[in-house]
Every structure is written in structure tokens, then in C-alpha cells.
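Data block below; observations after.
Numbering (full-length UniProt numbering), first residue to last: 1 to 506.
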């Protein structure tokens, strides 16, 4: 009778053989696509590990080397273990227009964030959740802008120094507090948005979902359900959030039952929007809580990164502070702290867009998973089960698209708007506008539905900080600390500081 050790060894050999055969079966389907990194059995895993911690240089290399074509890279965050990257206007256009039953955005999200294994029955994002962000959130922002501005001011009073002395603060850690509080002023209102425990849960959840997803990716498919269930903190976090919003949800549900869909004094917040659009089977405390947490995840993560990048760029390029302040102060004086005023800040919008062009939050965009074989017009076929994307890093640094792309030009896009040859140019070069040459928010029907809220929120925060505070880098440095990269995503250096003080008017 076989010993336990013999059974373990046999199982290990069997699994290694399975992986070996699977690798060659999978690779034969895409062997015609050139590779960045190694495409051998052992070499591809070594390359995948290296690329996991690499910056965007390999993506840019592929973009330059295979212009107008496609290349593949070993990848540990896709189920196929390969990422196919397409280049050139034609293929990018076909990628964004591809039907969802061929190239799926939702399947990519499930794959990359491992929602199936971490969120259980909440894994699939329902259409009503997207509609809440696209319509209700965008619509409400204008009418509740005064509350947003009030929370920005109160948050800055809490987390930024109020005296004339310079104080160094870890930028991203500090700014995520401000973003979380401000965002939740709109989502759940006062006083909950200022509750430290509630805020900390939402901030931690934003980080945990990314970290746990990458951990699950490290395991073979057969173990992912077990690993996901073991390490997922969704239920624990949801129960903590339910403690704060559960009674409110139950109270609203009782009013829906008793008063119908509308009543006098009905709150205008995220809980109401979710309940308004949710099908009956989703109108319960658990579902609404998790949906609120998922929207918080999407809202807080990218917004805090974008704000941090913009402030690092400002602190390292002080020559932009005076013209931006002048624009902000002049427009606020004329139009007040309103959404309309934010739309008139062309230079501020341009600076933010240029900051995101150069730093961004990731090296790729338009990720889609093939749910069936998909063939581009040039004959390239993406087999079912593979993930395809385009190189936002390559596009954003392409000299054929942007003049002198390696040089930061904060007013690049405002100059384009002012020099526009037709009535559409001022709109086309806004940060929120969708274009195949600027992919921070994606492109096409799956572009970020919350981008209008996010851009105006960051703009309001940036304006408030710049009007009321002085900023600089430690030692008056002009060099931004190198950001951190993981799995193709970028974040500012986690402990890098910006010096703040209350603005000293000369």
C-alpha cells in the first residue's frame, strides 16, 4: 500500500505533467504571435514573475517593436497565463467595438480581480449598479456640489497642517482619507462619512480586494475556490459596514413598502439610488451593502491615485502653481464653488490630464477576455479563453500622437482646446472625453461610467488645496520618488512625502 509521501510525490508529478502538457497545448494556439519575454515552459514562468514586478518598459518595448501588430507576454493575472496586446488604430478600434459575446469586459474583470472566488454570489456586477454610477451619481454631483466642497474643506482641515510651518505627510495615505470622506459625503452623508471606523473599513477594503486577488492568482485553478474562500474578507468587511448602514437600509425598505417608490424627504444618496434601481431580489441589506462597497472601491482607488499623481507633479514643478492658482481663484470668484466653475478650469483640467498621461494607473487598457474565438480584420485570431488588451503606456508616449511625449507639458491639452480648428476641439481635449489616444478611462461602451464625477471631484480637491496650501517636495527636490508597479498597475511611492503648510500670501 502506498505511503502518504508516495501519494504526495505521485500527485506532484502528475500535476507538473499536467501543467507541462497544458502549457504546450495553450501555447500552440498563439505560437504565431511574437513574444516579449520567454515563451519556453520554464522561461515563461520566470518572465511572468519578473513582469509581475516590472514597470511599463516591456509594454512600451512591445508597442515600439510590433507597431501596428500584436505581441504576447507571459502573465500571472490571466487564467490563460498569457496577455495578448494589440497595437495600431485599426485593431484598437475593432477591440473597443467588439461585441460582448465575443470579447467580454465583464469576464476580464472577473478574471483579473478574481471576483468569482472572492465575492461569491456577488461576483457579477449587475447592470443596475453601473446605471447608478452612470446616471444617478453623475446627475446628483451638480446639485450637491456645496456638500462636496464642504467635506473637502473639513477633510483638509483635519488631515493637512493649519499653521505656517512645513509638515511632511505621506501623500497617498493622507489623500485617500480626504477622497474617502468626500466621496462618502455624497454616498452616505453626514455624520457617517466622518466616522473613523467606517472610513477605515472602506479604505482597507479598497486595498484588500487588490491584494487578495493577486494572491489567488498565484494558485492553480483547482485550488482557487478554496484559497479565495479562505482569504476573502468580503463577508467580514460587509458585516462591519452593515453595522453602520444596515438600519438605514431597513428603514428605507420599510418606507418603500409603506409609501411606494417616492415620498416627501426621500434622501438623495447612494443607498436610495441603489434601492431605486435594484430588482426585487437585490433589495436587501446584504446586497445593497456589497454594491455600495464595490462602488466605493471603484471610486476611491483611481481617484486617490489621480489626485496623488497630480500633487506630486505640482510639487516637483512649482512653476505651474502660480498660473493654476490664478485660474482657480478667478473662476471661483466669478462662479463660486460649483460644478460649472470646475468645467471652466481648462488649465487645471489640462494639468490633471497630462499628469495622468505620463503617470497613469496602469500600462494597459481595454482589457477583454475572449469568450469565443475572435478574428480581427487583419486575420489575427484571439482564441477563446485568452485576454487581449492594448498598450495605453505605449499610446500615451507615442511621438506620432503627442509632440515631445517624454516631456511634461501641463498645458498641452488646454493649448489644444484654445487653438482648436472647430467647435468640437474644446470638448475633445477635456480629461473626461473618450479618445483612442487617451485611455485612462478606457474607451467605448465600457468606459468608466464614473469619470465625470471623478474628474470634477479631483479638480475641486486640487483647487481647494492649491488655493489654501503651499506644497513642495522634501529638500525642494524636483524629482518625484519612483512609483511602485505591480501586475501592470502603477501607484505613487507608498511612503513618499509631500510638504504642506497653510498658504503664505506675500
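Here a beta-carbon is modelled for each residue, glycine too, at the ideal position from N, C-alpha and C.
Since the model is a prediction, treat every value here as computed from it, not as a measurement.
Would you give the residue range spanned by the beta strand (DSSP E) that residue i belongs to?
i, result
"residue 338", "Unbroken run through residue 338: none, as it is neither H nor E."
"residue 224", "That residue, residue 224, is in no beta strand (DSSP E); its alpha helix (DSSP H) goes 224-231."
"residue 368", "365-370"
"residue 354", "No beta strand (DSSP E) holds residue 354; the alpha helix (DSSP H) holding it covers 346-358."
"residue 395", "Careful: residue 395 lies outside any beta strand (DSSP E), inside the alpha helix (DSSP H) at 392-396."
"residue 502", "497-502"
"residue 85", "82-86"
"residue 71", "70-74"
"residue 417", "Taken as a continuous stretch (DSSP letters only), residue 417 belongs to no beta strand (DSSP E), being part of the alpha helix (DSSP H) at 412-418."
"residue 484", "484-486"
"residue 384", "Premise fails: residue 384 is in no beta strand (DSSP E) and is neither H nor E."
Would residue i and residue j be called neighbours here (beta carbons separated by less than 8 Å)?
i, j, result
"residue 274", "residue 292", "yes"
"residue 278", "residue 458", "no"
"residue 429", "residue 417", "yes"
"residue 148", "residue 185", "yes"
"residue 372", "residue 102", "yes"
"residue 138", "residue 452", "yes"
Could you give the first and the last residue of the continuous alpha helix (DSSP H) run that contains residue i?
i, result
"residue 435", "Taken as a continuous stretch (DSSP letters only), residue 435 belongs to no alpha helix (DSSP H), as it is neither H nor E."
"residue 49", "41-52"
"residue 460", "451-468"
"residue 147", "145-159"
"residue 183", "171-187"
"residue 210", "196-217"
"residue 127", "127-131"
"residue 303", "285-316"
"residue 522", "It is not possible to answer for residue 522, since the shown part of the chain is limited to 1 through 506."
"residue 273", "270-277"
"residue 60", "57-65"
"residue 165", "Neither: residue 165 is in no alpha helix (DSSP H) and is coded neither H nor E."
"residue 95", "89-97"
"residue 105", "105-113"
Tell me whether residue i is buried or exposed, calling it buried when 16 or more other Cβ atoms sit within 10 Å of its Cβ.
i, result
"residue 218", "exposed"
"residue 541", "No answer is possible for residue 541: it lies beyond the span of the chain, which begins at 1 and ends at 506."
"residue 491", "buried"
"residue 11", "Residue confidence is low: residue 11 scores 47 on pLDDT, short of 50, so the model does not pin down where it sits. Its coordinate-derived value is still stated next. Counting Cβ neighbours within 10 Å, residue 11 comes out exposed, since fewer than 16 surround it."
"residue 24", "In this prediction, residue 24 has a pLDDT of 48, which is less than 50 and means its spatial position is unreliable; nothing more can be read from the coordinates."
"residue 450", "buried"
"residue 21", "Low local confidence applies: a pLDDT of 48 at residue 21 is under 50, so the model's placement there is unreliable, with the coordinate-based value given in what follows. With fewer than 16 Cβ atoms within 10 Å of its Cβ, residue 21 is classed as exposed."
"residue 354", "buried"
"residue 499", "buried"
"residue 117", "buried"
"residue 200", "exposed"
"residue 17", "With a pLDDT of 48 at residue 17, under the threshold of 50, the modelled position of this residue cannot be trusted; read the value that follows with caution. Answer is exposed; the Cβ neighbour count stays below 16."
"residue 236", "exposed"
"residue 207", "exposed"
"residue 104", "buried"
Is any heavy atom in the ligand PLP found nearer than 7 Å to the beta carbon of residue i?
i, result
"residue 378", "Among the components modelled here there is no ligand, and therefore nothing to report on the ligand PLP."
What is the C-beta distance between residue i and residue j, in whole angstroms, given that I count them as a contact (C-beta under 8 Å)?
i, j, result
"residue 357", "residue 396", "5 Å"
"residue 271", "residue 332", "That belief does not hold up - the Cβ atoms of residue 271 and residue 332 are roughly 31 Å apart, past 8 Å."
"residue 171", "residue 312", "7 Å"
"residue 376", "residue 94", "5 Å"
"residue 463", "residue 328", "4 Å"
Please confirm whether residue i has its beta-carbon closer than 8 Å to some beta-carbon of chain D.
i, result
"residue 266", "The structure shown contains no chain D; it is built from a single protein chain."
Three or more C-beta pairs below 8 Å linking the stretch 379-393 and the stretch 338-348: Note that the stretch 379-393 does not touch the stretch 338-348; fewer than 3 beta-carbon pairs, one per stretch, sit closer than 8 Å.
query: Taking one C-beta from the stretch 346-358 and one from the stretch 54-65 each time, how about it: are there three or more such pairs within less than 8 Å?
result: Verdict: no, contact absent.
- request: Please determine if the stretch 232-252 and the stretch 191-206 are in contact, where contact requires at least 3 C-beta pairs separated by less than 8 Å.
  value: Contact holds: three or more Cβ-Cβ distances are below 8 Å.
- prompt: Counting Cβ pairs closer than 8 Å, one from the stretch 252-266 and one from the stretch 211-227, do we hit at least three?
  reply: Note that the stretch 252-266 does not touch the stretch 211-227; fewer than 3 beta-carbon pairs, one per stretch, sit closer than 8 Å.
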